[in-house]
Structure formats: C-alpha cells, structure tokens
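This report refers to the structure that appears directly beneath it.
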Amino acid sequence: MSIAISILDLAPISKGQTARESFEGSVALARAAERSGYERVWYAEHHNMPTIASSATSVVIGYVAAHTETIRLGAGGIMLPNHSPLVIAEQFGTLATLYPGRIDLGLGRAPGSDQNTMLALRRDNSSAESFPQDVLELNGYLTGHSRIPGVQSVPTPDGPVPLYILGSSLFGAQLAAQLGLPYAFASHFAPDALHQAVTVYRETFRPSEQLAEPYVIAGVNVFAAPDHDTAEQQRVSAYRSRTRAFITRGARGGNFTDAEIDAFLASPAGAGLAGMTRYTAVGTPDEVREYLLKFAEEAGADELITAHHASDLDDRVRSVELTGEALR
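Numbered according to UniProt numbering, the sequence shown spans residues 1 to 328.
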C-alpha cells in the first residue's frame, strides 16, 4: 500500500523564540517537505494563542510560497465564519494568481479560539449557521460564477483553487459529501468520530465538478527519529508542554512539574486530554511507516496530513525528512 502524505504546520512559537523565528521555521519545514516528496503543507487559523503564529493564515501561506518552489500550500483551515467569503476569495485568488497550481483552501466552521475571542472575531454567535451557504458563495467567487449579483472577486485565478471541508464530526462529513468536495478529518486531536465520519462521507458522496470520487485526508501526529528512545523522549516532552498550555490557557503561572503533568494525564480528569492524541506514530522510520500505513488503511484515508510536534525545530525537520524517506 502507498499513501500520499502532507504536513499540518501550526507555526509554533517555542519558549524563548520570536514569531519571526517561528515563520523562518515554517519555511525550513516546508522546504524539507518539498525535498522529501510531501503533497502539501497546510497552516491552521488559530487566534489569541501565544504559542501559535499562524493566525493570519493567508499571509503565512504567501510568505512560505515565496521561499519554496513546487510544494502545494494552503489553509487547514480557514475558519470561514470568522470572515466574509468575498474577502477570503480575494486573498486566495491573489495567492493562486501569484503561485498558480500551488494553493489549496481548506475550510472549517469552528472559531479557532476561545469564547471571548470568538465574539471579538465574529461579533455574532450565529455566524457558523451559514457555513454551507458561505462555502457556496466563496466557491462562486473563485470560479468566476458569483452568486451575488454585481459582485465579483478580484483577482479571479486562472486555474482552480481546490476547496476542502475540514471537520471532526458528522456535520463536516455530510457537507463535504453533499458538495462533492474532499474531506479532511482532524483525527490528530479529535479522534473519536473518525471512522463513522469517513463511512458517512463515502456512502453519501455526490460527484461534483471538482471531484468525481470521494477523497479522505486524515490527521495523525508523528515523532520520527533515528532511534525509538529519542522519538519517545520527544513525544513525552512535547505532550507535557501541550498539556501545560491547555491547563493554563495562556495564563501566567502554572509551573507544574513533569511528575504533576504525568499524574494529571494518567488521572480520570486528564483522560480526555490524553486521548486527543490517540493517533500518534512514534519511533524509527520503519516503525513510523508501519504505523502510518496501518492507520491509513483502518481509517480509509487516501492521504495523511502529519503533524510533527517535536519541540526543537531541527527535530521537527528531521522527523519530516525521515517520515518522507520511509514512505517515499
């Protein structure tokens, strides 16, 4: 079995690092992916998170595109209820005009933030309710068939900007199937509904102008290193840091020891958080390859989007390279 692989990059801002250094790290990661045979790199829209630098997602895509040559780049995803469909069409039409044949647009309906930040972004709790209609409006702008009389997106790209529906529930699966769009499931942090959602998507898929057959992308976490113990150490360290960030929610303080974090993750209170990273490949290239191929088969995935979480940039780049070599 062979499987296409891609990368989800959150543009993490590590302790002691600046946002500018994070963007340079994203360029290094994308270049490694380009060398190693990956399909695409996607950047996620998150807001009010001090450790994630990809909030202005389209700007990050443009910066990385200017420093790479062939790899596809896109949003995984743009949280469409935070924006006007016209503005997103203008942004991605511009990107696709500057970098033809290289730009993807993944769309989600979650806020990508906490409740207060959601209100600052959307100013209306009901924004997500129009998500299906907003997807259609956006697609109309990008294809030169505007649904709003007298309004068009400029520039309209010469070639297609493929749309993808992102989700972690049955709603996204049903919408992607109804619209005939590829479906990307966020199993790297929300694994519970993966198999049911993929089944619903495949069984109810309707062909469209963009896509004749269903296409599933599944998220999975990866820590690849030359030896298993090193990869495991990277996993433990990264997931401890992740847990601290969830517990403190960006607040100062919360100086929890490693032992306290481990005890929390092993407790009933921490079980939900620990379970979010259920799908994680850890180890040598051979071990990671075996895990990813088995995961893809069980998930019914046509493509895997891998999230490499090692705290150190050099370790993340090496994980990308080793995984690419193993699956090439």
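Note that the Cβ used here is the ideal one computed from N, Cα and C, for glycine as well.
- Put simply, of Ala197, Phe131, Val64 the residue whose alpha carbon is nearest the alpha carbon of Ser22 is Val64.
- By the beta-carbon neighbour count (other beta carbons within 10 angstroms, threshold 16), Arg206 is exposed.
- In the three-state reduction of the DSSP assignment, Leu181 falls in the coil class, being assigned neither a helical nor a strand state.
- When Cβ pairs closer than 8 Å are counted between the two stretches, the segment 128 to 135 is seen not to touch the segment 52 to 68, the count staying below three.
- Collapsing the DSSP output to three states places Pro157 in coil.
- As computed with DSSP, Ala4 is found in a beta bridge with Glu303.
- Looking from the CA of Gly62, the closest CA among Ala96, Gly76, His47 belongs to Ala96.
- For the segment 46 to 89, the continuous alpha helix (DSSP H) assignments of 4+ residues that do not extend past its boundaries occur at 57 to 66, in sequence order.
- Within the same chain, Val200, Tyr201, Thr204 come within 8 Å of Gln174 by CB-CB distance, once the 5 residues on both sides are set aside.
- Under the three-state reduction of DSSP, Arg40 is assigned to strand.
- In the three-state scheme derived from DSSP, where H, G and I count as helix and E and B as strand, Gly324 is classed as helix.
- Using a C-beta cut-off of 8 Å, the segment 298 to 318 makes contact with the segment 9 to 28, since at least three inter-stretch Cβ pairs fall below that distance.
- When C-alpha distances from Trp42 are compared across Ala32, Ile7, Glu34, the shortest belongs to Ile7.
- As a beta-bridge residue in DSSP terms, Thr280 pairs with Asn221.
- Under DSSP, Ile165 takes part in a beta bridge, and its partners are Leu107, Tyr183.
- Of all C-beta pairs linking the segment 211 to 225 to the segment 185 to 200, three or more are shorter than 8 Å, placing the two stretches in contact.
- With contacts defined as CB atoms closer than 8 Å, Ala128 and Ser168 fail to qualify as a contacting pair.
- DSSP links Val216 through a beta bridge to Tyr183.
- Beyond the five residues adjoining it in sequence on each side, Tyr38 comes within less than 8 Å, by CB distance, of Ile5, Ser6, Ile7, Ile71, Val320, Gly324 in the same chain, given in chain order.
- Shown here for Glu45: same chain residues with a beta carbon closer than 6 Å to its own, the five before and five after excluded, namely Thr57, Ile78, Met79, Gly112 in chain order.
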